[in-house]
DNA sequence: TCAGGGCGTCAAGAAAGCGTCAGGCCGCGT
DNA sequence: ACGCGGCCTGACGCTTTCTTGACGCCCTGA
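Residue numbers (the working numbering), protein chains in the order written: chain P, 397 to 618; chain L, 397 to 618.
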């Protein structure tokens with residue numbers, strides 16, 4: 397049985413999620429503030445955390461950091477529509493995915509499943525994924541059928557493959573491939589994402605695997 | 397955990413290997429003579445054997461034969477630099493790979509990994525590959541139809557053949573052929589890769605087997 | 001619906017990596 | 001001593017890759 401901890405200061409949201417998730421077979425614990433969330437997480441050791449960033453007593457990012465200091469539990473973050481900075485910050489701080497309010501429960505469940513599945517496949521992530529008609533093997537540095545990729549293209553693709561299905565922020569990609577000094581230059585990403593799409597997507601202008609998350613980053617879905 | 401049996405009559409070599417292999421996560425048993433080696437092999441059933449051919453009490457080949465009479469365990473043989481006959485004999489007797497003393501521990505580990513991997517992937521041991529109209533046999537050190545290769549050319553080709561299909565980095569090639577001090581000088585590689593292509597490729601300027609992976613290394617595809 | 005920022009795409013110059021050639025050095029056998 | 005084959009080395013031009021700026025479209029939020 398999958399054990400989920402729901403953290404939100406709005407009791408009606410907590411109740412709604414609790415009911416809907418239980419119907420779907422999850423064991424649900426709840427908390428309405430940051431301190432309670434950390435206590436509950438320590439006590440019940442949830443398999444997954446749904447965390448609202450807009451808590452009354454402490455910053456959602458602080459809760460996330462507190463969690464991450466001792467646990468690798470998957471976290472799905474809830475944000476307000478405009479809280480863009482918090483959203484990106486949460487992902488950089490180790491959140492696994494996010495959802496903007498208001499949202500449909502089905503969508504949350506879908507994200508939860510995706511996140512949980514991803515964690516199962518090990519901390520080092522996957523090394524090979526199928527992208528359309530291509531098989532990309534990061535360990536072997538091969539694509540079949542053969543496609544020529546430049547070093548930078550490989551570097552970028554490798555990160556996305558290792559975290560396939562997972563949203564990776566602009567900052568993470570830039571820092572990893574070009575270094576910390578380039579964290580603002582998304583034009584590099586635009587350039588190379590375009591190139592990768594032209595080499596790996598059937599319709600580069602209508603990507604089905606290398607997806608854009610506007611204002612946040614990119615996500616590779618097999 | 398991979399269990400390795402190290403057999404050598406020189407205690408200092410045994411000790412060095414024991415320490416270095418344990419650091420790298422192998423479980424290590426040791427023996428200092430042939431009789432002990434066979435006893436140990438029977439007892440611990442190692443996943444891999446590192447066997448020195450110059451043992452005091454019995455011929456290394458006899459040990460290998462004894463092993464092979466009941467086990468298909470991968471064996472990496474250690475030989476003196478000039479002991480060419482013994483080396484060839486060992487390969488004929490069922491050794492999987494050899495290394496001449498003195499050697500770097502990293503190289504031994506690399507060979508061990510390669511041998512273990514080869515065993516896993518079935519009988520596709522890469523000691524011989526077809527390159528265009530040539531058959532390159534690393535174990536025999538022959539190319540048919542005959543091609544004259546210089547020692548350095550052969551050394552380079554041997555590494556690529558043993559790992560055919562896989563990417564080999566500049567650094568690995570340089571370290572293997574010229575030594576660790578030359579890891580930055582890719583101009584050596586450029587020179588000798590060109591020579592190999594002129595001897596083995598139909599169109600040296602349009603290589604179809606000895607391929608460049610820009611910025612990274614080379615890959616030999618049969 | 002409109003404005004603004006984010007994004008995809010293109011093109012061109014700069015930089016880096018690579019293949020190739022030629023010459024010098026050294027050790028070997030004659 | 002001499003020629004030869006193999007190795008080392010630097011130089012050159014070419015190709016690939018990276019960088020950078022510009023432009024127009026699309027999505028988002030007001």
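Just so it is clear, CB atoms sit at the ideal spot from N, CA and C, and this is done for glycine as well.
Look at the beta carbons and you see the region 478 to 485 of chain P not touching the region 429 to 443 of chain P: under three pairs across the two are nearer than 8 Å. Within chain P, the residues 536, 537 and 538 have their CB atoms less than 9 Å from the CB of residue 562 of chain L, given in chain order. Put simply, the CB of residue 611 of chain L is near chain P, with a gap under 9 Å to one of its CB atoms. Taking C-alpha positions only, residue 563 of chain P is separated from residue 420 of chain P by approximately 25 Å. The alpha-carbon of residue 448 of chain P is positioned some 38 Å away from that of residue 595 of chain P.
Going by beta carbons, residue 472 of chain L and residue 418 of chain L fall outside the 9 Å limit. Residue 616 of chain P has P:606 as its beta-bridge partners, per DSSP. Comparing alpha carbon positions, the residue from P:416, P:415 and P:428 closest to residue 407 of chain P is P:428. Contacts with chain L at 9 Å (Cβ-Cβ) do not include residue 541 of chain P. For the pair residue 512 of chain P and residue 398 of chain P, the CB atoms are nearer than the 9 Å cut-off. Here the alpha carbon of residue 456 of chain P sits roughly 7 Å from the alpha carbon of residue 430 of chain P. Excluding sequence positions up to five before and after residue 597 of chain P, its CB lies within less than 6 Å of the CB of 603, all in the same chain and listed in chain order. Less than 9 Å divides the Cβ of residue 553 of chain L from the Cβ of residue 532 of chain L. Around residue 547 of chain P, the beta-carbon contacts reaching into chain L at under 8 Å are 610, 611 and 612. Scanning its chain for C-beta atoms nearer than 8 Å, with the 5 sequence neighbours on each side dropped, one finds around residue 600 of chain L the residues 590, 593 and 594, in chain order. Beta-bridge annotation (DSSP): residue 524 of chain P is paired with P:533. Per DSSP, reduced to three states, the secondary structure at residue 423 of chain L is strand. When the alpha-carbon of residue 432 of chain L is set against those of L:459, L:413, L:416 and L:537, the nearest one is in L:459. Measuring C-alpha to C-alpha distances from residue 575 of chain L to each of L:586, L:616, L:536 and L:548 identifies L:548 as the nearest.
Cβ neighbours of residue 528 of chain L within its own chain (closer than 8 Å, five residues either side excluded): 596, 597, 598, 604 and 605.
Residue 416 of chain P and residue 410 of chain P have their C-alpha atoms spaced approximately 10 Å apart.
Where residue 494 of chain P is concerned, the enclosing beta strand (DSSP E) starts and stops at 493 to 496. Per DSSP, residue 401 of chain P is not a residue of any alpha helix (DSSP H); the beta strand (DSSP E) it occupies stretches across 399 to 403. For residue 475 of chain P, the enclosing beta strand (DSSP E) begins and ends at 471 to 475. When the beta-carbon positions are compared, residue 614 of chain P and residue 570 of chain P stay at least 9 Å from each other. Shown here for residue 607 of chain L: same chain residues with a beta carbon closer than 8 Å to its own, the five before and five after excluded, namely 614, 615, 616 and 617 in chain order. The residue among L:403, L:435, L:530 and L:422 with its C-alpha nearest the C-alpha of residue 450 of chain L is L:403.
Within the region 424 to 451 of chain P, the runs of beta strand (DSSP E) at least 3 residues long that lie entirely inside it are, in chain order, 444 to 448. When DSSP states are grouped into helix, strand and coil, residue 545 of chain P belongs to the coil group. Nearest to residue 413 of chain P by alpha-carbon distance, out of P:487, P:510, P:500 and P:566, is P:500. Cβ-Cβ distances below 8 Å link residue 491 of chain L to 447, 460, 471, 472 and 473 in the same chain, with the five nearest sequence neighbours on each side left out; the list follows chain order.
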